[in-house]
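These notes are about the structure you will find just below.
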Amino acid sequence: MGAPALQQADPMDRNEERALIERAIAGERIAAGDLIRAHQRSVYAYILRMSGRPDVAEDIVQEAFVRVLGNLHRFDFRFRFSTWLFTIARRLYMNAMAKNRPAYDTDFVGS
C-alpha cells in the first residue's frame, strides 16, 4: 500500500487558491468558508485513516481549521496550502494521542 493521498480529489488551481487565501486574510468570511469547504473532506479522511474514529477526526479537523484561519496571515505562498493544513492536522492528532497515552510509573518497572 502506498502513502495516503493528501490532496482533495479535484485540486483547486494554485492561483484560485491564492486569491481565496488573500481574501480570507482580508477578512472575507465567505472566502474563509470556501477555503474550508475545499479541503474539509480530504483532511477529515486523512485524520480518520490515522485515528479510525470519526469523533476524533471531527475534533482534530475543526481545531486544525481554527488554527489555520487564525494564522492564515503567516502562510507562505511558496508552498501548497494543503501541505500546511495537513501538517497542522497531523501534529494536532499526534499531540492529542500523546496526551491520551497512559503514563507508566517507572518506580514499578523492573521490580
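The sequence shown begins at 42 in our numbering and counts up by one. Glycine included, C-beta positions come from ideal geometry on N, C-alpha and C.
Limits of the alpha helix (DSSP H) - the one that Arg78 falls within: By one-based count along the sequence shown, residue 78 stands at place 37. First-last of the alpha helix (DSSP H) with Arg78: 70-92.
Helix, strand or coil at Ala130 [DSSP, three-state]: On the sequence shown, residue 130 is found 89 positions in, with the first residue counted as 1. If DSSP states are grouped into helix, strand and coil, Ala130 belongs with the helices.
Ala67 burial status per 10 Å Cβ neighbour count (16 or more: buried): Looking up residue 67 in the sequence shown gives position 26. Flag for Ala67 reads exposed.
Phe106, buried or exposed, once every other Cβ within 10 Å from all chains shown has been counted against 16: Numbered from its first residue, the sequence shown carries residue 106 at position 65. So Phe106 counts as buried.
Selected residue, minimal CA-CA separation from Leu126, among Glu104, Gly93, Lys140, Glu63: The count along the sequence shown starts at 1 and reaches residue 126 at position 85. That would be Glu104, whose Cα lies nearest to the Cα of Leu126.
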